[in-house]
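For reference, the structure is listed below as structure tokens.
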Amino acid sequence: MKISQTTALKDIGGGETARVDIYWKSEKGNILEFSINLSILNETESSDVYRIDTAHGSLHEHKFWKTEKPEKINLDYTEAFREKMDEVLENYMKWCILFKKNKSENYG
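When we follow the numbering used here, the leftmost residue of the sequence shown carries the number 417, and every step to the right adds one.
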């Protein structure tokens, strides 16, 4: 069994950085568990924007610009890991913008 993790930082302007943290446990090319977390960092705080993980016994994702409630995902862990990693890396900027817009509309 192999455990891996990596972090990617992307400048999103305005003194903020998008951080993508990826953790996975694999064996013989199959993903046994994983988490992918996108957050916004600035000088004073860190805010979660998106998260998908296999914790709590099932695959689920949080789209924090929409709701705090997780949505169950019915995909094989290996397939989900590959698809969702690509999706996060492709959409991180859009999701950060949606998160900040929702936060400002709902929390001033």
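Beta carbons are placed, not taken as given, at the ideal position from N, Cα and C, and that holds for glycine.
**Asked** Mapping DSSP to helix, strand and coil, what is T433?
**Response** Of the three classes helix, strand and coil, the one that applies to T433 here is strand, per DSSP.
**Request:** Tell me whether K517 is buried or exposed, calling it buried when 16 or more other Cβ atoms sit within 10 Å of its Cβ.
**Result:** Flag for K517 reads exposed.
**Request:** Could you check what DSSP says for I452 in three-state terms: helix, strand or coil?
**Result:** When DSSP states are grouped into helix, strand and coil, I452 belongs to the strand group.
**Prompt:** So, I456 versus L475, is the Cβ gap smaller than 7 Å?
**Reply:** Taking 7 Å as the cut-off, the Cβ atoms of I456 and L475 do not count as close.
**Request:** Would you mind sorting K482 into buried or exposed? The rule is 16 or more other CB atoms within 10 Å of its CB.
**Result:** So K482 counts as exposed.
**Request:** State buried or exposed for T460, treating a residue as buried only when at least 16 other CB atoms are found within 10 Å of its CB.
**Result:** Residue environment: T460 is assigned as exposed (fewer than 16 neighbouring CB atoms within 10 Å of its CB, all protein chains considered).
**Prompt:** Which residues in the same chain as D492 place their Cβ atom closer than 7 Å to its Cβ, once the five residues preceding and following it in sequence are excluded?
**Reply:** If the five residues before and after D492 are omitted, its C-beta is found closer than 7 Å to no C-beta atom of its own chain.
**Asked** From the DSSP output, which residues share a beta bridge with W511?
**Response** In the DSSP output, where bridge partners are listed per residue, W511 has none listed.
**Message:** For A496 and E443, what's the separation of their Cα atoms in angstroms?
**Reply:** Straight-line Cα distance between these residues: approximately 16 Å.
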